[in-house]
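Student: Heads up: the sequence shown is residues 55 to 312, going by my numbering.
C-beta atoms are modelled at their ideal positions from N, C-alpha and C, and glycine is treated no differently.
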Amino acid sequence: MPKTDQLDPDKIKANLNTKRIGTKILVYDTTSSTNDIAAEYAKDKENDGLAIFAEQQTAGRGRAGTKWLSAHADSILCSIVLTESKINAELLSLTCAVATAEAVAKNAKIKWPNDILLNAKKVAGILLESKTHNTRTTYILGIGINCHQKKTGFPEELQNTATSTDIETRSTTDRISLARRLLTSLDHWLQIAETNSEEVIEKWSSLSVQLHHRVTLIFNSRKFAGNCIGIDPEKGLIVQLDTGGTRFFDAAHTTIAK
Ligand code: BTN
55 MPKTDQLDPD KIKANLNTKR IGTKILVYDT TSSTNDIAAE YAKDKENDGL AIFAEQQTAG
115 RGRAGTKWLS AHADSILCSI VLTESKINAE LLSLTCAVAT AEAVAKNAKI KWPNDILLNA
175 KKVAGILLES KTHNTRTTYI LGIGINCHQK KTGFPEELQN TATSTDIETR STTDRISLAR
235 RLLTSLDHWL QIAETNSEEV IEKWSSLSVQ LHHRVTLIFN SRKFAGNCIG IDPEKGLIVQ
295 LDTGGTRFFD AAHTTIAK
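#1: Grouping DSSP H, G and I as helix and E and B as strand, with all else coil, what is D391?
#2: Across which residues does DSSP place H187 in a beta bridge pair?
#3: Start and end of the alpha helix (DSSP H) containing L148?
#4: Could you tell me if T295 is buried or exposed, where buried requires 16 or more neighbouring beta carbons within 10 angstroms of its beta carbon?
#5: Is the region 241–254 touching the region 74–81 in the sense that three or more CB pairs, one from each, lie closer than 8 Å?
#6: DSSP state of E109, grouped into three classes?
#7: Hey, would you say the C-beta of N173 is under 6 Å away from at least one heavy atom of the ligand BTN?
#8: Among Y82, T88 and S124, which residue has its Cα nearest to the Cα of L212?
#9: Leaving aside the five residues before and after F303 along the sequence, list all residues of the same chain whose C-beta is less than 7 Å from its C-beta, in chain order.
#10: Tell me the DSSP secondary structure of N250 in three-state form.
#11: Would you kindly work out how many angstroms separate the C-alpha atoms of W166 and L261, rounded to a whole number?
#12: Could you check where the alpha helix (DSSP H) with N313 kicks off and where it finishes?
#13: For I66, which beta-bridge partners are listed by DSSP?
#14: Assign S260 to one of three DSSP states: helix, strand, or coil.
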């Protein structure tokens with residue numbers, strides 16, 4: 055079926071009512087990784103809020119050195135440049151997860167640190183990267199949302215755990231509307247995060263599939279298991295360990311084992 059939702063900067067921007075995110079938008083047909091392009095633009099402070107989209111990536115990256123694969127025009131592949139973040143990486147990661155979940159669907163959930171789930175399957179992922187230019191730390195929020203993939207379009211090993219918005223909504227996603235919702239939601243939640251991190255934590259907690267459940271984590275190649283009892287906007291996931299005591303796990307150095 056021909057795709058009618060080709061990403062177009064003017065269509066994404068039309069009446070977009072954001073203060074910071076997406077005030078400048080670039081759309082590439084094919085690029086290596088939108089995060090790499092964003093990192094170049096992040097060298098110029100003026101590019102704060104720039105949103106970069108691509109229809110296809112030849113070297114899309116996921117967390118922990120994985121590849122992020124998507125056929126042409128099947129996904130939202132987006133990177134946001136933040137050259138002047140007032141909030142730290144941990145809170146940024148939580149805020150981006152909340153904003154992405156909200157943009158994807160009412161029933162989307164968050165699997166810390168970076169997975170967005172629909173009906174318990176991964177529909178989107180976030181890759182937060184930072185770079186320091188002179189003394190300035192810039193952040194790149196890389197967001198991939200599966201839209202038009204069919205079950206058989208995913209690699210076999212992912213077919214039971216990955217999904218797309220088309221599959222879960224049993225309809226054809228309009229990627230332009232979704233891109234607009236994503237920018238609007240990011241703009242909204244980033245403003246909130248700057249003044250009221252508690253509100254982000256509250257929303258994250260209501261969307262988390264791990265809060266008050268058992269988690270097994272890998273931190274610095276070591277395995278930890280316990281009950282997730284909360285989230286801290288600076289230190290990350292709070293876990294009551296099976297071995298006793300409470301420990302924080304930050305998003306940058308932790309992966310979920312199951
Ligand atoms: C993950 O779940 O592992 C994170 C996936 C992040 C993928 C997005 S797609 C847009 C941006 N560019 C990349 O190369 N990666 C992110």
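Tutor: Taking the structure as given:
#1: The chain is shown from 55 up to 312; residue 391 falls before or after that span and cannot be answered.
#2: Answer is R190.
#3: From DSSP, the alpha helix (DSSP H) with L148 extends over A143 to V158.
#4: One detail in the question is off: residue 295 reads as Leu in this sequence, not Thr. Exposed, since its Cβ has fewer than 16 Cβ neighbours within 10 Å.
#5: They touch, by the three-pair rule.
#6: E109 carries a strand assignment under DSSP once its states are collapsed to helix, strand and coil.
#7: Using a cutoff of 6 Å, the CB of N173 does not count as near the ligand BTN, since none of the ligand's heavy atoms is closer than that.
#8: Looking from the CA of L212, the closest CA among Y82, T88 and S124 belongs to S124.
#9: L271, F273, G290, L291 and V293, listed in sequence order.
#10: In the structure shown, N250 sits in coil (DSSP, three-state: anything other than H, G, I, E or B).
#11: Their Cα atoms are separated by approximately 10 Å.
#12: Nothing about residue 313 can be reported from this structure: the residues present for the chain run from 55 to 312 only.
#13: Answer is none; I66 lacks a bridge partner.
#14: DSSP, read as helix, strand or coil, puts S260 in helix.
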